[in-house]
Every structure is written in C-alpha cells, then in structure tokens.
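Report on the following structure.
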Amino acid sequence: MLVKAIPHRRRVSYYDSQTFMRRALENTGFIDLIRFSDEELAQVIAANKNSSWVEAARREMKTRREIRQKLGIREAERADLSGRDGLAAE
0 MLVKAIPHRR
10 RVSYYDSQTF
20 MRRALENTGF
30 IDLIRFSDEE
40 LAQVIAANKN
50 SSWVEAARRE
60 MKTRREIRQK
70 LGIREAERAD
80 LSGRDGLAAE
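Counted from 1, the sequence shown has number 3 at position 4 by numbering that gives the first Met the number 0; the numbering is strictly sequential.
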C-alpha cells in the first residue's frame, strides 16, 4: 500500500489576512481622486480614516483651486462644474 505524502498548507487566519490587506493598502502609491466631486473630497477629508487618502484629497482640492484661479472661474460657476473633466468642457 502506497501512501502519498499530502502537503499540508497552513491555513491563513482571518487576522493574518486582514493585516496583509491593511499593509497592502497603506503601501499603495499614488491615489487618484480626479473623478471625485468636490463634495466627495470634502467627505474624505472629514472622515479622516486613512491619512494617505486625506493627503490625496487635499492635493486634488488644491490642484482644482489653482486651475480655477488660472481660468478665472467664480464660485457661482463652480457649482456647475463636476470635477476636472467639467473644467475643459463648455
């Protein structure tokens, strides 16, 4: 009678998998928030759950503010625009 050696894989616990995913999310590079509306960016900043998301949201809001200043867009006109894609369209 031949007995095959069955390799036993160690089962990954729930906590190990969560630690792995948390580390993977923390180590992500550039976070692209271009498609987020201004209101969504404000919610990301208010939630303040992940510092890299908050930093990305602040950078995006700063970039939008600079673009609006260069184009001379007033606050009343800003409500009609939804993100960067709206700035190019007329």
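Beta carbons: idealized from backbone N, C-alpha and C, even for Gly.
Note down the Cα distance separating residue i from residue j, rounded to an integer number of angstroms.
{"i": "R63", "j": "K48", "result": "23 Å"}
{"i": "I33", "j": "K61", "result": "12 Å"}
{"i": "V43", "j": "T18", "result": "23 Å"}
{"i": "W52", "j": "R10", "result": "32 Å"}
{"i": "S12", "j": "I66", "result": "48 Å"}
{"i": "E38", "j": "D15", "result": "35 Å"}
{"i": "Q68", "j": "E54", "result": "21 Å"}
{"i": "M20", "j": "A46", "result": "20 Å"}
For residue i, which residues of its own chain have a beta-carbon under 8 Å away from its beta-carbon, when the five flanking residues on both sides are left out?
{"i": "S50", "result": "none"}
{"i": "E59", "result": "L32, I33, F35, L40"}
Starting from residue i, trace the alpha helix (DSSP H) in both directions and tell me its first and last residue.
{"i": "L40", "result": "37-46"}
{"i": "L70", "result": "50-70"}
Only counting the same chain, and skipping five residues up and downstream in sequence, which positions put a Cβ closer than 7 Å to that of residue i?
{"i": "A56", "result": "L32, L40, V43, I44"}
{"i": "I30", "result": "S51, W52, A55"}
With a threshold of 6 Å on Cβ separation, who are the neighbours of residue i within its own chain once the five nearest residues in sequence on each side are excluded?
{"i": "E25", "result": "none"}
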